[in-house]
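J.: Chains as they are written, first to last, in my numbering: chain P, 888 to 1105; chain Y, 6 to 211; chain U, 7 to 265.
Following this message is one structure expressed as structure tokens.
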Amino acid sequence: MIFDLSYAWRIAPRLVEALGVTLQATVLGMAIALTLGLALALARRSRFRALAWATAFFVEFVRSTPLLVQIFFLFYVLPEAGVRLSPLAAGVSALGIHYAAYCSEVYRAGLESVPQAQWEAAAALNLGRWRTLAAVVLPQALPPIVPALGNYLVAMFKDTPLLSAITVVELLQTAKLLGAQSFRYVEPLTLVGLLFLALSLAAAALVRLAERKLRVHA
Amino acid sequence: MQGFVAPLLHGLGVTLELTVAAAALAVPVALAAGLARLAPTRWLRWPAAVYVELFRGTSALVQLFWFYFVLPLFGVPLGAFTAGVLVLGLNAGAYGSEVVRGAVQAVPRAQREAAAALNLSRAQTLRRIVLPQALPAMLPPAGNLAIELLKNTALVSLITITELTFAAQVLRAETLRSAEIFSLVLVLYFAAALAITAGVRLLERR
Amino acid sequence: MTAGPVVRLRELHKSYGALPVLRGIDLDIPHGEIVSVIGPSGSGKSTLLRLLMTLERPDAGRVEIEGESPWTQRRGGQEVPADERHLRRVRGKVGMVFQHFNLFPHMTALGNVMEAPVHVLGLAREAAREQALGHLASVGLADKAHARPAELSGGQKQRVAIARALAMQPKVMLFDEITSALDPELVGGILQLVRALAEKRTMTLVIVTHHMAFAESVSDRVLFFDQGVIVEDGPPQAILRNPRLERTRRFVEAVLETR
């Protein structure tokens, strides 16, 4: 038969377990991406031209090259440099760095949308650069860009299957293992596909809700 | 470093082949789906929406595996290369259809009204008035999608197509010189991406 | 010339959302008549033209162009929803010039004028080109045939728009405040064009305008619109100089004041 419902039912618990790994990778990866992304955005705006230029180049390079190759790079090259990371750690780092590049562009747009006058008002009050950033600029820069960041969260979630290539046992890897054991790939792969679809549609709806809420405040 | 170049360049060739083939599929699909989502009848709108949401909402790698492992069971035997081009093209086409939809919707309504006042048919209005004005707006985002497509070709290495990333893996297994190999590979992808950006900028000028 | 009015409206209603814009319009326009439509903003004048041009559909009531509704057709004694072919056949009798010109920016002036004759009327390109050059000449823009809209002034764009609409030789031409988006010094030239067209007496004209003197000199009939209904309807001398109603008088005086 084309689709064995009972088999699908039986493997569902293992897939839900694997979903936990997928979500863990997504959350950790996003944590890195959000913090590193902000750092990159600030570095890009630095007065030191060398730093700004190097950051711009780094961001462009990371955005223009495949995530899979970056994952392989960290997984295979770091041990040679003496850094031993678990597959999950290496994968999460790669995801984090890759999406930090994208998030940095989003942060940059948000920062640039805050009028110069705000910086000047803060300077007139003798607030330091970091205080200005934390208390004046970021609170204005962040709300409009939350939806864009949310979209990257969803995108990262959909990229977690790439970690299967470095043996992280997330959803796709689990599906492949189940398929190899039972010789039935239809059910695991279809269920995994549907899981991704359901979750990313739900996440996209949440992002839209957040967008509407934030627009009301603005 | 010498021994790397030949197999990597060969892999790059396959990568570019995949990119071009998938792009050739993605462009008509994007146009068809994007326009279908704006059609008056829901028999056009709904299937197009399902296709777009399906391919945008699921992971590209999962799509790849599904096409490669599952589709043959439905009686559609697909070689790895065909499956790769099909998935990459349909995936890019789904994202592309949103670009098409946005650009067509951005053409001012007044243009359609002027066409109606001249009694142009729906098809003529679309072909001669709306699309020519929508196409220039599609180029920059299309350029970004082309680079995304290039990057996605790396995924097909996981279903054993011998493109650039696959070649890198083979070399790594043979020589264990990961740092040099993957650095070189990243640079090659970057160069290809720059070439695509330059190409798009050339098109924009025309 | 078919018997009966070229345009007939019966109990026409149109709302935009909760806002009623046309509240029951009954109107007959005979062939060849030149009608000016005046009234305050939001009174429904433009909506009336847009319905006649089939850019919108009425919420209730009937529109007939030479006796046929654009949106329904008779089939086997029944009124059924019309197909695209019927809609276009009826719509082809009406032409419109817009307030904001709406030229096609990716075509030259000549291209704009030729487009519909070639693709709708099926004219051969050469014949269409000859005719289009003639139309452009008649609006004084023969030398701008190969210019793009971005290179033209507002007045020139409106002339091209007029030539473009005329090239389709409709039975009814609609002018929707065609001078409102123009710099004042260009207005006279456009009005002159419309006057010349009116004097030729080749087609029915419906002109929405704020220019009272122009309306008086050019029209056979003036309609005063207010709050979605036709308040007064009569010859220009009567409506503009000696209106029946106080609100008509007040409107005309206000417009003349600000000229």
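All residues carry an ideal CB built from backbone N, CA and C; glycine is no exception.
Taking all protein chains shown into account, decide if Arg950/P is buried (16 or more other Cβ within 10 angstroms of its Cβ) or exposed.
T.: Here residue 950/P corresponds to residue number 63 of the first sequence, with the count starting at 1. Result: buried.
J.: Give, in chain order, every residue of the stretch 140-157 of chain Y whose Cβ lies closer than 9 Å to some Cβ of chain P.
T.: Ile152, Leu155, Lys156 and Asn157
J.: Is there a Cβ of chain Y sitting closer than 8 Å to that of Met102/U, yes or no?
T.: Reading the third sequence from its first residue, position 96 is the one you call residue 102/U. So yes, Met102/U belongs to the interface.
J.: Quick check: what's the CA-CA separation for Val67/Y versus Ala1004/P?
T.: In the second sequence, counting from the first residue as 1, residue 67/Y sits at position 62. In the first sequence, counting from the first residue as 1, residue 1004/P sits at position 117. About 48 Å.
J.: Compare the Cα-Cα distances from Pro1026/P to each of Glu1007/P, Gly1037/P, Val1055/P and Tyr994/P and report the closest residue.
T.: Here residue 1026/P corresponds to residue number 139 of the first sequence, with the count starting at 1. Residue Tyr994/P is the option with its Cα nearest to Pro1026/P.
J.: Over what stretch of residues does the beta strand (DSSP E) that includes Ser21/U continue unbroken?
T.: Taking the third sequence and counting its residues from 1, one reaches residue 21/U at position 15. Val13 to Tyr22 is the span of the beta strand (DSSP E), which, as asked, contains Ser21/U.
J.: Can the beta-carbon of Glu74/U be found less than 8 Å from the beta-carbon of Thr210/U?
T.: Working through the third sequence from its first residue, we reach residue 74/U at position 68. Working through the third sequence from its first residue, we reach residue 210/U at position 204. Against a cut-off of 8 Å, the Cβ pair of Thr210/U and Glu74/U comes out as no contact.
J.: What residue from Pro900/P, Val964/P and Val1024/P has the CA that sits closest to Leu181/Y's CA?
T.: To locate residue 181/Y, count along the second sequence from 1; it is residue 176. Per the Cα distances, Val964/P.
J.: Going by DSSP in three states, Met179/U sits in which element: helix, strand or coil?
T.: As a first step, residue 179/U is located in the third sequence; it is residue number 173 there, counting from the start. Three-state result, Met179/U: strand.
J.: Closer than 8 Å, Cβ to Cβ, to anything on chain U: give me those residues from the stretch 122-137 of chain Y, in chain order.
T.: Ala122, Leu123, Asn124, Leu125, Ser126, Arg127, Gln129, Arg133, Ile134 and Pro137
J.: Is it right to say Arg1106/P is buried, meaning 16 or more other beta carbons lie within 10 angstroms of its own, or is it exposed?
T.: With chain P represented from 888 up to 1105, any question about residue 1106/P goes unanswered, as that position is not in the structure.
J.: Work out the CA separation of Arg61/Y and Glu967/P for me, nearest whole Å.
T.: Along the first sequence, read from residue 1 onward, the residue named residue 967/P stands at position 80. Along the second sequence, read from residue 1 onward, the residue named residue 61/Y stands at position 56. Approximately 37 Å between the Cα atoms of the pair.
J.: Across the stretch 165-182 of chain U and the stretch 98-110 of chain U, are there enough close Cβ pairs to call them in contact, namely three or more that are closer than 8 Å?
T.: yes
J.: Give a yes or no on whether the minimum CB-CB distance between Thr63/Y and chain P is below 8 Å.
T.: The residue labelled residue 63/Y in the question sits at position 58 within the second sequence. Under the Cβ distance rule, Thr63/Y counts among the residues neighbouring chain P, one pair being separated by less than 8 Å.
J.: Less than 8 Å between CB atoms is the rule here; does Gln116/Y satisfy it with respect to chain U?
T.: Along the second sequence, read from residue 1 onward, the residue named residue 116/Y stands at position 111. Using beta-carbon distances, Gln116/Y counts as an interface residue toward chain U, with a partner under 8 Å.
J.: Using the Cα positions of Gly18/Y and Pro145/Y, report the straight-line distance between them to the nearest angstrom.
T.: Here residue 18/Y corresponds to residue number 13 of the second sequence, with the count starting at 1. Here residue 145/Y corresponds to residue number 140 of the second sequence, with the count starting at 1. For Gly18/Y and Pro145/Y, the distance between alpha carbons rounds to 25 Å.
J.: Give the straight-line distance between the Cα atoms of Leu139/U and Ala156/U, rounded to the nearest whole angstrom.
T.: Your numbering for residue 139/U matches position 133 in the third sequence. Your numbering for residue 156/U matches position 150 in the third sequence. Spanning the two alpha carbons is a distance of roughly 19 Å.
J.: Evaluate the contact criterion for the stretch 1076-1089 of chain P versus the stretch 892-905 of chain P: three or more CB pairs, one atom per stretch, below 8 Å.
T.: yes
J.: Would a C-beta distance cut-off of 8 Å place Val235/U and Arg68/U closer than the cut-off?
T.: For this step, residue 235/U is matched to residue 229 along the third sequence. For this step, residue 68/U is matched to residue 62 along the third sequence. Not closer than 8 Å, so no.
J.: So with CB distances below 7 Å, who are the chain Y contacts of Val1073/P?
T.: Taking the first residue of the first sequence as 1, we reach residue 1073/P at position 186. For Val1073/P, the C-beta contacts it makes with chain Y under 7 Å involve Val75 and Leu78, in order along the chain.
J.: Looking only at C-alpha atoms, which of Thr114/U, Ala204/U and Glu17/U sits nearest to Ile31/U?
T.: Your numbering for residue 31/U matches position 25 in the third sequence. Among Thr114/U, Ala204/U and Glu17/U, the Cα nearest to that of Ile31/U belongs to Glu17/U.
J.: How far does the beta strand (DSSP E) with Ser980/P in it extend, from its first residue to its last?
T.: As a working note, residue 980/P is residue 93 in the first sequence. From DSSP, Ser980/P is part of no beta strand (DSSP E) but of the alpha helix (DSSP H) over Pro974 to Glu999.
J.: Along chain Y, which residues have their Cβ under 8 Å away from the Cβ of Leu98/U?
T.: The residue given as residue 98/U occupies position 92 in the third sequence. It is Gly, not Leu, that sits at residue 98/U in the sequence shown. Asn124, listed in chain order.
J.: Starting from the beta carbon of Ala1052/P, find every residue of chain Y whose beta carbon is closer than 7 Å, and list them in chain order.
T.: Within the first sequence, residue 1052/P is the residue found at index 165, counting from 1. Those within 7 Å of Ala1052/P in chain Y are Leu163.
J.: For Asn1013/P, does the count of other Cβ atoms within 10 angstroms reach 16, so buried, or fall short, so exposed?
T.: On the first sequence, position 126 is the one that residue 1013/P refers to. Classification for Asn1013/P: exposed.
J.: Measuring straight from C-alpha to C-alpha, what distance separates Val109/Y and Arg256/U?
T.: Stepping through the second sequence from its first residue, residue 109/Y is reached at position 104. Stepping through the third sequence from its first residue, residue 256/U is reached at position 250. About 45 Å.
J.: Ala215/Y to Thr87/Y, Cα distance in whole Å?
T.: In the structure displayed, chain Y extends from 6 to 211; residue 215/Y sits before or after that span and is not available.
J.: Hey, is Ala44/Y's beta-carbon within less than 8 Å of any beta-carbon in chain U?
T.: Against the second sequence, residue 44/Y aligns to sequence position 39. It does not: the Cβ of Ala44/Y has no partner Cβ on chain U nearer than 8 Å.
J.: Would you tell me roughly how many angstroms separate the C-alpha atoms of Asp65/U and Leu154/Y, rounded to the nearest one?
T.: The residue labelled residue 65/U in the question sits at position 59 within the third sequence. The residue labelled residue 154/Y in the question sits at position 149 within the second sequence. Cα to Cα, the separation comes out at about 48 Å.
J.: Could you tell me which uninterrupted beta strand (DSSP E) segments, each at least 3 residues in length, are contained entirely in the stretch 154-240 of chain U, listed from first to last along the chain?
T.: For the stretch 154-240 of chain U, whole beta strand (DSSP E) runs of length 3 or above, ordered along the chain, are 178-182, 210-214, 227-232 and 235-240.
J.: Give me, in chain order, the residues of the same chain whose beta-carbon lies closer than 6 Å to that of Tyr73/Y; leave out the 5 immediate sequence neighbours on both sides.
T.: As a first step, residue 73/Y must be located in the second sequence, where it is residue number 68. The answer, listed in chain order, is Ala88 and Ile164.
J.: Residues bridged to Ala66/U by DSSP?
T.: Within the third sequence, the letter at position 60 stands for residue 66/U. In DSSP, Ala66/U forms a bridge with His19/U.
J.: May I ask you to report which of helix, strand or coil DSSP gives Pro87/U?
T.: On the third sequence, position 81 is the one that residue 87/U refers to. In this structure, DSSP gives Pro87/U an extended state, which the three-state scheme calls strand.
J.: DSSP three-state label for Val126/U, please.
T.: Working through the third sequence from its first residue, we reach residue 126/U at position 120. If DSSP states are grouped into helix, strand and coil, Val126/U belongs with coil.
J.: Have a look at Ile889/P, Arg1099/P and Val903/P and flag the residue whose alpha-carbon is nearest the alpha-carbon of Thr1061/P.
T.: Taking the first residue of the first sequence as position 1, residue 1061/P is located at position 174. Checked all of Ile889/P, Arg1099/P and Val903/P; the closest Cα to Thr1061/P is Val903/P.
J.: If you measure between the beta carbons of Arg106/Y and Arg42/Y, is that distance less than 8 Å?
T.: As a working mapping, residue 106/Y is identified with position 101 in the second sequence. As a working mapping, residue 42/Y is identified with position 37 in the second sequence. The answer is yes: Cβ separation under 8 Å.
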